[in-house]
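> Numbering (my numbering), first residue to last: 185 to 504. Sharing a structure with you now.
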Amino acid sequence: MLRSRRSRPLTVLCTARMQPHHAELIRSCGPEVDVRVVRREEAEAHLPDAEVLVSWAVPDAWVERAPRLRWVHVTSAGVDHLLGGALWRSEVLITNSRGIHATPLAEHVLGWLLMFARNLHVHVEHQRQRRWQRDEGGQLAGSTVGVLGLGSVGQEVARLCKACGAQVWGMRRRPRPTPHVDRVVGPEGLEEVLRKSDYVVLTLPLVPSTRGLLGREQLEWMKPGAVLVNVGRGGLVDEAALVEALREGRLRGAALDTFALEPLPPESPLWGLPNVLLSPHVAGSFHGYMDRVVELFCDNLKRYMAGEPLRNVVDREAGY
Numbered sequence: 185m186l187r188s189r190r191s192r193p194l195t196v197l198c199t200a201r202m203q204p205h206h207a208e209l210i211r212s213c214g215p216e217v218d219v220r221v222v223r224r225e226e227a228e229a230h231l232p233d234a235e236v237l238v239s240w241a242v243p244d245a246w247v248e249r250a251p252r253l254r255w256v257h258v259t260s261a262g263v264d265h266l267l268g269g270a271l272w273r274s275e276v277l278i279t280n281s282r283g284i285h286a287t288p289l290a291e292h293v294l295g296w297l298l299m300f301a302r303n304l305h306v307h308v309e310h311q312r313q314r315r316w317q318r319d320e321g322g323q324l325a326g327s328t329v330g331v332l333g334l335g336s337v338g339q340e341v342a343r344l345c346k347a348c349g350a351q352v353w354g355m356r357r358r359p360r361p362t363p364h365v366d367r368v369v370g371p372e373g374l375e376e377v378l379r380k381s382d383y384v385v386l387t388l389p390l391v392p393s394t395r396g397l398l399g400r401e402q403l404e405w406m407k408p409g410a411v412l413v414n415v416g417r418g419g420l421v422d423e424a425a426l427v428e429a430l431r432e433g434r435l436r437g438a439a440l441d442t443f444a445l446e447p448l449p450p451e452s453p454l455w456g457l458p459n460v461l462l463s464p465h466v467a468g469s470f471h472g473y474m475d476r477v478v479e480l481f482c483d484n485l486k487r488y489m490a491g492e493p494l495r496n497v498v499d500r501e502a503g504y
């Protein structure tokens, strides 16, 4: 049953990059829905009317100027950029877009794992040099992949790795049996996972308890010759300690999509290391991304108007 009849429109303010057909989809959720898609610099004039906001970032000043605001949908999965801000401290409901990134992120990870397993990155470099050199690779099959973070992304990574014949270990905040994962541990089992794994994949959110999770000591726990893959957040890893481990050859390589400072500065040594693969925080992006965001949001908007629980509600205590 819908909530009691409204005396005013339900204004949905969108500062995300949407096309006209996205606005029409949102508008079709109900006759009372007033959709306003604006550029960020135009948002201030519409904030007093906004009951729902669809955006990535929410400046403190926006919260102060939006007295009717009841719900914010964030277009990303991570919400670490909101921690401690006015929105976070308010009683406004926050939902995120987790779940839509699982497949592209996991495919990105698998591509990198196979590159290192089969030495494909080495062959690409030899091709550039017009150099015929037979460097044999190994196999992902039979190796151990440690996945730190078993949310939707981590579970999809585990599924793909199992399909390739790898053994999968995983770490999650509350350990419980997880599909496609051979062994699951809690945070206290981090050292065990790092010492066991040939490949370590980070899919964790950045919250106070995970910031700096892999420092110098933890990187030393990693198996000699292991590979680190980070599609979580740059702040999970001590980059200086990682560079040191890569230069000294203690780690065979790293594949990184996220960094402590983005864009990654040109002077960062990570750019020049031959055993590092980089991408500019695009592992979760794909053609049709906003279509999926709007699909999720529209489902939640209908729930909101019906007074039903929403999907993907952010747990402020957990930080994601």
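Where a beta carbon is used, it is the ideal one built from N, C-alpha and C, also for glycine.
Please classify histidine 205 as buried or exposed, where buried requires at least 16 neighbouring CB atoms within 10 angstroms.
Residue numbering aside, residue 205 sits at position 21 when the sequence shown is read from its first letter. Exposed.
> What are the uninterrupted segments assigned as alpha helix (DSSP H) that are 4 or more residues long and contained completely in the region 261-291, given in chain order?
Qualifying alpha helix (DSSP H) stretches, in chain order: 270-273.
> Under 8 Å, with one C-beta from each stretch per pair, do the region 397-407 and the region 345-355 reach the 3-pair mark?
Touching, no.
> Please return the same chain residues whose Cβ sits closer than 7 Å to the Cβ of valine 369, not counting the five positions on each side in sequence.
Here residue 369 refers to the residue found at position 185 of the sequence shown. Met355, Pro359, Glu376 and Val377.
> In terms of residues, what are the limits of the alpha helix (DSSP H) holding methionine 489?
Translated into positions along the sequence shown, residue 489 becomes position 305. Where methionine 489 is concerned, the enclosing alpha helix (DSSP H) stretches over 473-489.
> What does the Cβ neighbour count give for arginine 282, buried or exposed, with the cut at 16 atoms within 10 Å?
In the sequence shown, counting from the first residue as 1, residue 282 sits at position 98. Buried, since its Cβ has 16 or more Cβ neighbours within 10 Å.
> Within 10 angstroms of the Cβ of arginine 187, are there 16 or more other Cβ atoms? Answer buried if so, exposed if not.
Within the sequence shown, residue 187 is the residue found at index 3, counting from 1. Since pLDDT at arginine 187 reaches only 47, below the 50 mark, its modelled position is unreliable, and the value read off the structure follows with that caveat. Per the 10 Å Cβ criterion, exposed.
> Identify the residues that DSSP records as bridge partners of tryptophan 353: which are they?
Walking along the sequence shown from the start, residue 353 turns up at place 169. Looking at the DSSP assignment, tryptophan 353 forms a beta bridge with Gly330 and Arg367.
> Please work out which residues of its chain come closer than 6 Å, Cβ to Cβ, to alanine 234, disregarding the five sequence neighbours upstream and downstream, and give them in chain order.
To locate residue 234, count along the sequence shown from 1; it is residue 50. The answer, listed in chain order, is Thr195, Leu197, Ala250 and Leu253.
> Which of the three DSSP states, helix, strand or coil, is assigned to serine 539?
Nothing can be reported for residue 539, as the shown portion of the chain is limited to 185 through 504.
> List the whole-angstrom C-beta distance separating leucine 412 from alanine 438, where the pair is believed to meet the contact cut-off of C-beta under 8 Å.
Within the sequence shown, residue 412 is the residue found at index 228, counting from 1. Within the sequence shown, residue 438 is the residue found at index 254, counting from 1. Correct: roughly 5 Å between the Cβ atoms.
> May I ask you to report which of helix, strand or coil DSSP gives tryptophan 255?
As a working mapping, residue 255 is identified with position 71 in the sequence shown. If DSSP states are grouped into helix, strand and coil, tryptophan 255 belongs with the strands.
> Buried or exposed: glutamine 339, going by 16 or more other Cβ atoms within 10 Å of its Cβ?
The residue you call residue 339 lines up with position 155 of the sequence shown. Looking at its Cβ environment, which holds 16 or more other Cβ atoms inside 10 Å, glutamine 339 is buried.
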